[in-house]
Structure formats: C-alpha cells, structure tokens
Amino acid sequence: MTQSSPSPPLLDMRGIRKSFLGVPALAEASFQVNRGEVRALIGQNGAGKSTLIKVLTGVYKADGGTVTFDGRPVAFDSPHAAQLGGIATIYQEVNLVPYRTVTENIFLGRERRRFGLLDWRRMNAEARELLAGLDVHVDVTRPLREFSIATQQMTAIARALSFDAKLVIMDEPTSSLAEHEVSVLFDVIRRLRDSGVSVVFVSHRLDELYAVCDRVTIMRDGRTVDDRAMADISKYELVSKMIGRDLAEVRRAASRAPHQAEAAPVIEASGLELGQALRGVDVAVRSGEIVGLAGLLGSGRSETARVLFGADAPDSGEVRVDAEPVRFAVPRDAIRRGIGFSPEDRKVEGIIPQMSVRENLTLALLPRLTKAGIVDRRRQQQIVERFIERIGIKVSSADQPIRELSGGNQQKVLLARWLCMNPRLLVLDEPTRGIDVGAKQEIQSLIRELADDGLGVLFISSELEELVENADRVVVLRDGRNVAELRGDQISEERIMAAMAHGAAVEAEDGAR
Amino acid sequence: MPETTTTPAAPSAAAAPAVRRKTSWAAYTQRYGAGTALVALLIFNALFTANFLTPANLLYVQLRQAAPVGIVALGMAMVIATRGIDLSVGSVMAISGQVGALALLSGTGLVPAVALALLAALLCGLFNGTLVARYGVQPIIATLILFIAGRGIAQLLTDGRLQNVDDPAFQFFGLGAIAGIPVQVVLLVVVAAAIWFVARSTPFGRYLVATGDNEPAARLAGVPVRRVKLIAYATSATLAGLVGLMEVARVSASDANNTGLGMELDAIAAVAVAGTPLTGGRISPVAVVIGALMLRLLQNTLIAHGVSREVAQMITGFIIVAAIYVQRQAGEGAG
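If you read the protein sequences in the order shown, they are chains A and B.
Each residue of the first sequence is one higher than the one before, counting from 1 in this note's numbering.
Each residue of the second sequence is one higher than the one before, counting from 1 in this note's numbering.
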C-alpha cells in the first residue's frame, strides 16, 4: 500500500472538462494514481469513466484541465502517443490482430530488425520471456486466435510491458474470463504492482475491487465524488456514492396493498443460466404486479429480460407462461404469448429510425391489421391516432419519421407498439433512461395505470428511487444470481442498495458501519 | 410515385414543431438526380439524335434494351432494402437460360421448360438466402459463391457449347409484343407495379424495409427477419432467372459464357444511381426503373454520338461513383 507515499502521484488529472455537442460528459473531474498502486475506477453508466480514460489516452481532447504524468504535463493526441508515453490500455474486447501470431501481436508497429530484415528469432525469444514473466507458457508462433481470451489478454499485457508502460489501464478485463482465469489475472496485476507498474482497474464486480485494488476513485455525473483507500470504504457506502443516494433518504408512496399476491404468475422463470452473465436467476411476475429488477451493471438484469422475451436463448433453466413450460426461439414466439419488450438501448434496438411514427407503432401489430393480406390503412391510422392521444405522444403527424422525435416521445411510441397488442406482460429495460422529467412521470404513471388494469410488468431500472416509487416487489440480482427479494414496506433504497452491495438483504445499519 | 405515400389526416394530439428536414443539394440530387438526368437525356436526343423520337426506336430499342436490367434491378432492390447485395444474378441468368434451353431441346414442351428454368433460379436464390439468413454469412460473400460457381454450373450443363433454340412459342419471350409493346417492357411494368404494391401495402413489404433499417430492433418487434431475407434473395434470383430466359429467347440461343455477364453490376448501378441507399431500409421501384432507363439511354446516347464503347463505360462508371458520393453526403445531412 502506498497511502503514505510522500512522492507526487504518477498520474494527476485535475479539473478535466469535456462536452459532446454541448452536453457535459466530464465536469471538473479529477483522477490520481500513485506509483505502484492498483486503482479502482467505478461509476454507473454515463458517470464519465470511459470519457476520462479516453481523454487520458488521447482518444478525446479535453476541453479543459491539466494532466500530469510521471512528473511532466502531458496532452497525448493519439492512443499511440499515449502508449509511447508509457500508458497502455487493455480493453474488455481484446483489440489485437487475431490471425497474426502472439509474437507479431506483441511487437506490432515496432518490429525488431536485423540488417533491415525482421529478426524473428530475437522477437520470439523476447515474446517468450515477456510472457514467462506473466507465468504464461505458450507457443508464441501460433496465431493469437487459437488461444483463450485469458491468454489473449496476457498477450495484450505483455505488449504493454514491452512498451515499458508505467501505467496499465484495464477496462473490465474480467467480463469474459472464467473464475480461475480471473485469479491468474489478479496474480499478474499484483506482480505488476510489485514491480512498480501502476494499474487502473475498471470493473462493476465489487468483490473483485476489494480483492485486488488498493484505492478507489468513484465517479458520478461526470464528477469525481470520492477517492478512498479500499480498506476504508464499505461496499454499501461504495454503492451509495456511486448511485448518489444519501443513506437516510426514504421515499415511498403510501404502501399499496399487495392485491394480486395470490394470483398465479403470468411468467415464471427459474434457474436461468447464460454464460458468465446469468448463473441461476429466478423471477416471476403476476398479473397486475410491477416487479422491479435491481442490480448493478453486469448483474444480469438486461440478460434476464432478453431471455424472458426470447431474444437470447438461455444455456439452462426454465421459463413458464401460465404454468406451461415454453421455449422461445425468437421474440416473435414471446410476442404471440402476449409479451412485449422495451429494450435498454432505444436507438440501437428499439426504433426503426427511417420509418414513421405510424409504422413504428404498428410494426408488431401488422399481422393482425391485414385484410386479405393487405394492411388495412384506415384501421392502422385509427389505432395510431388513438394511442397518440391516449399516451400524449407529441408529433406533427403520424407520418413524421420517428428519429425526429425526442427520446421521451420515442419511448412512448415504443410502449404503444406493445400496448396496442393488448399484452399481458411488459418487460421494460430502463424505460425512462435519458428522457426528460415530465415524460418520465407520464410514463411511470401510465405503467401504474396499466398494471392496475391487470398488466404484469417487469421493470428494470438503475434508479433506485424509481423502483421504490413504482414496484410492488423488487428482485435484486448480483453477479447473475438472485440475492434478495423485497416486497411492500420492505422496499427501500437502503435495502436494495445493501443487497446490491453485499449480496444479501441485510439491514442498512450493518452495511453502513 | 414516391416510395411512401402520405396519409392526409393529421392526428389531433398537440403537434410538436416538426424538425425541418434538411433539403441540401445532395438530398435533392439523390432524390431527383436520375430523373432529371433521364429527362435531360431525352431532350438532348430529341434535338440531336436522328430518328430518336419514333415509337420503333423508343419501344423496341431503348425500352427493350433497358427492361432486362430493370427487372433484375428490381429484385436486387429488394435484397438491397434488407441491407444485402446479390452478386449472383448474372450467373443465375445463365443457369436458368441453360436449363430452359436444355429442357426445350429435350422436348419437354414450353411450360415445363420455363417452370424448370425458374425452379433452378429459385433454388439458387434459396441457397443464397439460407446462407445469409440462417448462417449469417455476409451477403457479398454468400452470393459471390454462385457468382463464380454458378457460371461454371451453367457451362457444365452443356459443356460450354452454344445451343440454338428456335422454338417460335419460346421466342415470343424475347421478341414478341403485347398490344404493340415488347414483352420485356410489359414485364418490367408488371414487376415494378407488383413490388411497389407489396412494399407499400403488405406486412412483408414493411418488414423488408424495417429489417434493412434496423435489424435488431425489427427482430425484437417480432419481424421474422430470417424469412424476410430468404424471400428477398429468392425473389431476386427468380427474377434473374426470368430475365435469363428472355435473353435466351431474344437471341434464339443459349450461351453459358455470356448470358447475364456483368448483369450484377448493371443492376446494382441502376439501384444506386436512382438514390436507393445501399445501406438498406428503403425501396422505390419507380426510382429503380428510372435508374435503369437512364443508364441505358446514357450509354446509347454516347455511342450514337460517336463515343467509343469503352469511353462510354468509363463515363457510366464515373456517374455511378458520383451517385454514391451524393448518397453519402445526403446520408450525413439526414443524420
């Protein structure tokens, strides 16, 4: 540990500002890394972690602020310049050349030469030596793609070391590793630290941070909100700083009667497993019930939603609709059973950008809108107009392309796409992300109204407040497993946070220290 | 007729101020460039080319020459709408032509011969479509297989020999006319109208466009994206097969080496030059027909005025590149 080191930090970023099209991504962010330290960098989606790293490594140019690295002010103008300056970045998806050999990948761009020709003997020997230092023993003359992701990562690290990197940034390096590979990676990280190299470790798995990191920097909304020694901060406090909720804040509307508690579930999933993402998730939704699904990034929330909707096939586990086992091959199968799904990323997976509001709204309904195989334009228009009015979608006409609408109105169109089908269950993945406050309120109360009319809703949100306000029951996931289920008056931000942090719904006082 | 129709009734909900669509020069050129060029070429020829404005020339030379490319391009447009491409159309024409000729010469009679030829083409399309839709092979690679192997298959069918086909009933497909209008031209109009109707008014048509515009979103909305792609490739190949038969009928001989040679590029050019983005999500049969007519007339005009065939091809190539450049500009303008 280097808490008491009097020497200036290896990396010192101060007052970093960066905006995209006027929207600030970083506002006065700061970041320090000491020599020979493993530093955790955490924050929710959009907190500014990756922007900060990209500013550091020369992918983006900061609008303001200073960066001091190894005692000198720096402003790298490309990732290559950062690499030559001693900062190496290892991404979650290894960015090497899969069809070239391990050696070539390590020396790409600065091949060793002899009499103007490539000196393969020397390069292979050096590559073997670098990898041996990481306790990896492989045939370096084989193409990289023949090796596991873990070995590919080690190759990336070896490449970083061959540049004499002083700082290695690892962006979610464990997301595609198996458990024993993770422990090998951790050994390497510790070895790097002991040899004086600093490591920045980005991960959403709290246990990993505590296992390998010395200090942590927490970011939220483009700012640095805390910088602490790992040993001095509890998981609970970590999560609450990340999410930005004060420990004592409680807000829950008058508790609703768990009126439908005894009804049979519309959908029931048990033991869902999917790669590293899901390792046994159980979830059930009854008609008229809003079930909140909580968890940190990477906890398996979105994966669960996609499996329930047939967008991804689980490795194992069972899904039952009306107590009848089902196996959805494609979303179309789930839609036929009365399920609708609003995906997390509206732009990428939700809207058909060039199509009109009318066509986007009725896309799923089209098969039911035909007369003798031809779309019944009149009925289509009636339905569209009804929903535009009912939900209050602001459009100039039903023929306006959906890409011209605001995020909130796009989301309303996507909700209407399912509502016009009279669904029994809606799976909503972050339905209010990135939309303005007014539209958010409207969407929340719409969902409540629909649930009161008997619709089952699975509601995924990163905003605990939203879950507390809206859900009848909250299921908390952590590392792809159920860790808690809260209902009625039990639902509070503290309890959800505690479960997200510790993996059990222990009382908040225990977690807060 | 634009590719989407407008519905007059505006909804009663509070109307938000519509974002003004950028009408840059690029967007205009993309939309109307080919049509404007076609009109300009017609005027130029009317003034400076002898015997241009005669029914015989317009119908039996200009339109009849442009129609085969137009029909193949219409099938190509369906594939391109799904964000795909079909390089195999020329080879499929050769296969279909050879199968049809072989069947006729072996005495199956006209209808079975045509049916067999179209079936062969359909199978080619299903092969392409299966590779793309089911196995996720990149369209350009998937259709490259038949582009190369298909012509080989056609040549194998007859050991590469030219076959004379002089069945008068069959020749009607290439040389005949209905009410004074060449068969090819009639077919072009029929196919264009059918695709226009399907694209506009059937769920399949809307799925076609949705798949090309945003495939993951379309899938999550219940669109059977695999089936949609399969049908698009099957249609493209079947139309190519039809045109292959017409070409054999027109020259009264089937030639595995030359039937449909280079057709894939002519068809893609016809689609692209009329403003259909190669990135999918759009289909406009009218624009495709205009594109095919314009490119053919351009070549004929250049050659009629003493420009050599080679130079005419270079100029055509330049215009296609310009059209694609304009497309990129317009695409960026629309965000």
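Even glycine gets a Cβ: it sits at the ideal position worked out from N, Cα and C.
- Rounded to whole angstroms, the gap between the alpha carbons of I149 of chain A and Y91 of chain A is 12 Å.
- Assigned with DSSP and collapsed to three states, T36 of chain B falls in helix.
- Judged by DSSP in its simplified three-state form, I393 of chain A adopts coil rather than helix or strand.
- Between L117 of chain A and Q83 of chain A, the alpha-carbon positions lie close to 25 Å from each other.
- Per DSSP, the continuous beta strand (DSSP E) segment holding D12 of chain A begins and ends at L11 to F20.
- Residue state for I351 of chain A is assigned as coil, using DSSP reduced to three classes.
- In this structure, DSSP gives K61 of chain A a state outside helix and strand, which the three-state scheme calls coil.
- Cβ proximity to chain B below 7 Å picks out R417 from the stretch 405 to 425 of chain A.
- Annotation for V216 of chain A: the continuous beta strand (DSSP E) segment containing it runs R215 to R220.
- V225 of chain B sits in a helix when the DSSP states are folded into three classes.
- Secondary structure of K235 of chain A (DSSP, three-state): helix.
- The three-state secondary structure of A133 of chain B, taken from DSSP, is helix.
- Between Q62 of chain B and A256 of chain B, the C-beta gap is not smaller than 7 Å, which leaves the two residues out of contact.
- In the three-state scheme derived from DSSP, where H, G and I count as helix and E and B as strand, Q163 of chain B is classed as strand.
- Of all residues in the stretch 290 to 316 of chain A, only A311 place a beta-carbon less than 7 Å from a beta-carbon of chain B.
- For L278 of chain B, the closest C-alpha among the options B:T82, B:A34, B:L58 and B:G70 is that of B:T82.
- Nearest in C-alpha terms to N128 of chain B, of all of B:L242, B:V79 and B:A253, is B:V79.
- T224 of chain A: member of the beta strand (DSSP E) spanning R223 to A229, first to last residue.
- Contact between the stretch 148 to 155 of chain B and the stretch 101 to 111 of chain B is absent: fewer than 3 CB-CB pairs across the two stretches fall below 8 Å.
- Taking a Cβ-Cβ threshold of 7 Å, none of the residues of chain B is close to I339 of chain A; the smallest such distance is about 10 Å.
- Residues of the stretch 189 to 220 of chain B that bring their beta carbon within less than 8 Å of a beta carbon in chain A comprise S201, T202, P203, R206, Y207, V209, A210, D213, N214, P216, A217, A218, R219 and L220, in sequence order.
- In the same chain as K54 of chain A, and ignoring 5 residues on each side of it, the C-beta atoms closer than 6 Å to its own belong to Y60, in chain order.
- A straight-line Cα-Cα distance of about 15 Å links D213 of chain B and R200 of chain B.
- In the DSSP assignment, F31 of chain A forms a beta bridge with A:M13.
- Selection B:A46, B:G306, B:V185 and B:R296 evaluated against G317 of chain B yields B:R296 as nearest (Cα-Cα).
- For P265 of chain A, the uninterrupted beta strand (DSSP E) run begins and ends at P265 to L274, by DSSP.
- Separation of the CB atoms of G90 of chain B and G291 of chain B is rounded to 18 Å, and the pair is thereby denied contact status at 8 Å.
- At least 7 Å separates the beta-carbon of S396 of chain A from that of E318 of chain A.
- Between the stretch 50 to 67 of chain B and the stretch 109 to 121 of chain B, the count of C-beta pairs closer than 8 Å stays below three; the two stretches do not touch.
- Taking a contact as a CB-CB distance under 8 Å, the pair L167 of chain A and L52 of chain A does not count as one, their CB atoms being some 13 Å apart.
- Under the Cβ criterion of 7 Å, P343 of chain A is counted among the residues facing chain B.
- For N300 of chain B, the enclosing alpha helix (DSSP H) has its first and last residue at P285 to A304.
- Secondary structure note for P343 of chain A: it is in no alpha helix (DSSP H), with a DSSP letter that is neither H nor E.
- DSSP places I435 of chain A in the coil class of the three-state scheme, outside both helix and strand.
- Counting C-beta pairs closer than 8 Å gives three or more between the stretch 287 to 299 of chain A and the stretch 452 to 461 of chain A, which meets the contact rule.
- Here K371 of chain A carries a strand assignment [DSSP, helix/strand/coil].
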